[in-house]
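Contents: one structure, followed by commentary.
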Amino acid sequence: MSVKWDKSQLVVAAEALRAGKLVAFPTETVYGLGADATNPSAVKSVYTAKGRPSDNPLIVHIARPEEVLHYTESIPPVASLLMKEFWPGPLTLIFKLKPNALGKEVTGGMETVAFRMPDNEVTLALIEATGRPLVGPSANTSGKPSPTTAEHVLHDLQGKIAGVVDDGATRVGVESTVLDLSSDVPTILRPGAITLEMLKPLVPEVVEDTHLKNQEAAPKAPGMKYKHYAPDTQVVMVASEDWPSVKEWLQTTPLNVGLLATASIYESLDKNKIVWFSLGNRDSVSTALSHLYAGLRDLDEIEPKLDVILAEMMPEEHEGVAYMNRLKKAANYQYFNEWSQENEKI
Ligand code: TXA
Ligand code: MG
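Sequential numbering from 1 applies to the sequence shown in full-length UniProt numbering.
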């Protein structure tokens with residue numbers, strides 16, 4: 001049995017971590033699956049619990065920026081600027097690893113290592129109480145949407161972890177931005193709430209990994225190559241100009257349809273034909289982002305099972321880049337206009 005702890009029980013949770021057990025923790029992005037980063041067998045059990053491919057490196061979570069110095073050769077000047085501006089916060093930075101400073105289980109055998117200082121008081125206190133850095137992949141079964149509540153964590157990992165520290169729903173709702181500072185050109189490997197537009201003033205030369213624009217290109221972050229974020233139910237993306245065709249299609253389709261969209265879209269459709277999970281107001285991409293994974297999980301659990309989840313697309317700028325990055329993977333690049341033609345018979 002995995003237990004739920006609240007923030008008054010951090011001593012117990014820290015004790016479990018020091019004993020090499022797995023403890024899920026809250027962050028501002030998604031819940032993480034914590035283990036002592038300096039304990040190889042504890043880190044290995046993270047991969048087993050998640051069913052995660054072992055070549056996919058983990059992010060090391062720290063409570064103070066200066067802890068990075070124990071594990072890296074040097075901190076480039078731009079990194080100091082970024083840490084001052086965005087830590088604690090949803091920005092993961094990749095540095096060159098000091099040889100053998102951390103085990104292969106943490107880095108996937110790479111010569112670099114990822115660090116992040118999460119913006120969550122409870123987890124910063126947990127790291128301090130443990131006295132060790134913590135690895136923290138998202139606390140979901142590999143391939144499923146990341147968990148944004150303690151209940152999501154237990155849904156996936158009940159019985160596989162000692163417990164979860166519950167601090168309610170997370171604020172951002174998708175994983176941190178991953179920025180590689182280990183090569184010549186600072187490169188965004190995974191988009192998140194710290195956007196390209198926010199990084200540019202401090203890092204004018206920053207670029208996005210080419211795979212983010214071109215789905216054929218190989219991603220530099222090993223984790224970005226796997227099928228990801230996907231519920232069992234088929235997800236199909238709807239562009240803003242395609243909602244009138246959805247309205248028409250709904251009149252005749254025999255399918256059980258879920259809708260992951262903002263209120264004005266829902267209002268424009270025949271409500272008897274759909275099960276709705278709200279992404280909030282049309283003008284707030286950050287609200288949509290914070291509800292995306294919860295919505296995918298929620299609609300996936302509806303009984304009788306839905307045949308398809310139609311999900312609203314957002315403009316690909318600012319936080320919309322992170323939103324669309326996760327949604328495209330969840331939908332396996334299926335768009336309503338093509339999908340509905342291919343499925344005309346049904
Ligand atoms: O918001 C987050 O980052 C959450 C919370 C819990 O902190 N954690 C998270 O961890 O999303 P995870 O393991 O699910 O994703 C880590 C990503 C993967 O895509 C991994 O391949 C990449 O970061 N990564 C880690 N270390 C790397 C390295 N040295 N070089 C390139 N990519 C790396
Ligand atoms: Mg993950």
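Cβ coordinates follow ideal geometry from the N, Cα and C atoms, glycine included.
Please report the straight-line C-alpha distance between residue i and residue j, rounded to a whole angstrom.
i, j, result
"residue 400", "Met237", "Examination of residue 400 is not possible in this model, given that the chain is present from 1 through 346 alone."
"Leu296", "Trp243", "19 Å"
"Ala101", "Ile161", "26 Å"
"Asn120", "His61", "11 Å"
"Pro201", "Glu342", "45 Å"
"Gly258", "Ile309", "4 Å"
"Val153", "Ser2", "10 Å"
"Thr48", "Met313", "34 Å"
"Phe95", "Asn272", "52 Å"
"Ala14", "Ala125", "10 Å"
"Thr233", "Pro57", "28 Å"
"Val110", "Leu97", "The identity of residue 110 in the sequence shown is Met, whereas the question assumes Val. Going from the Cα of Met110 to the Cα of Leu97 covers about 8 Å."
"Lys21", "Asn140", "17 Å"
According to the neighbour-count rule (16 or more other Cβ atoms, all chains shown, within 10 Å of its Cβ), is residue i buried or exposed?
i, result
"Ala19", "exposed"
"Pro315", "exposed"
"Val11", "exposed"
"Arg116", "buried"
"Val185", "exposed"
"Ala311", "buried"
"Ala331", "buried"
"Asn214", "exposed"
"Thr72", "buried"
"Ala218", "exposed"
Consider the C-beta atom of residue i and the heavy atoms of the ligand MG; say whether any pair is separated by less than 6 Å.
i, result
"Pro137", "yes"
Examine the ligand TXA and report whether any of its heavy atoms sits within less than 6 Å of the Cβ of residue i.
i, result
"Pro133", "no"
"Gly223", "yes"
"Thr262", "no"
"Pro57", "yes"
"Gly34", "no"
"Glu175", "yes"
"Thr123", "no"
"Ala218", "no"
"Val178", "yes"
"Thr170", "no"
"Met110", "yes"
"Ile194", "no"
"Ile94", "yes"
"Thr149", "no"
In this structure, how does DSSP classify residue i when only helix, strand and coil are distinguished?
i, result
"Lys271", "helix"
"Asp298", "helix"
"Tyr31", "coil"
"Arg52", "coil"
"Asp6", "coil"
"Val60", "strand"
"Arg18", "helix"
"Ser340", "helix"
"Gly163", "strand"
"Asp283", "coil"
"Gly258", "strand"
"Tyr335", "strand"
"Thr252", "helix"
May I ask you to check if the CB of residue i is nearer than 6 Å to at least one heavy atom of the ligand ADP?
i, result
"Met83", "The ligand ADP is absent from the structure shown, which contains only the ligand TXA and the ligand MG."
At least 3 beta-carbon pairs within less than 8 Å: the segment 13-27 vs the segment 76-86: Verdict: no, contact absent.
Segment contact flag, the segment 166-179 with the segment 34-45, C-beta cutoff 8 Å, min 3 pairs: The answer is no - the segment 34-45 does not touch the segment 166-179, with fewer than three Cβ pairs under 8 Å.
Meets three-Cβ-pair contact criterion under 8 Å: the segment 142-151 and the segment 165-173: Touching, yes.
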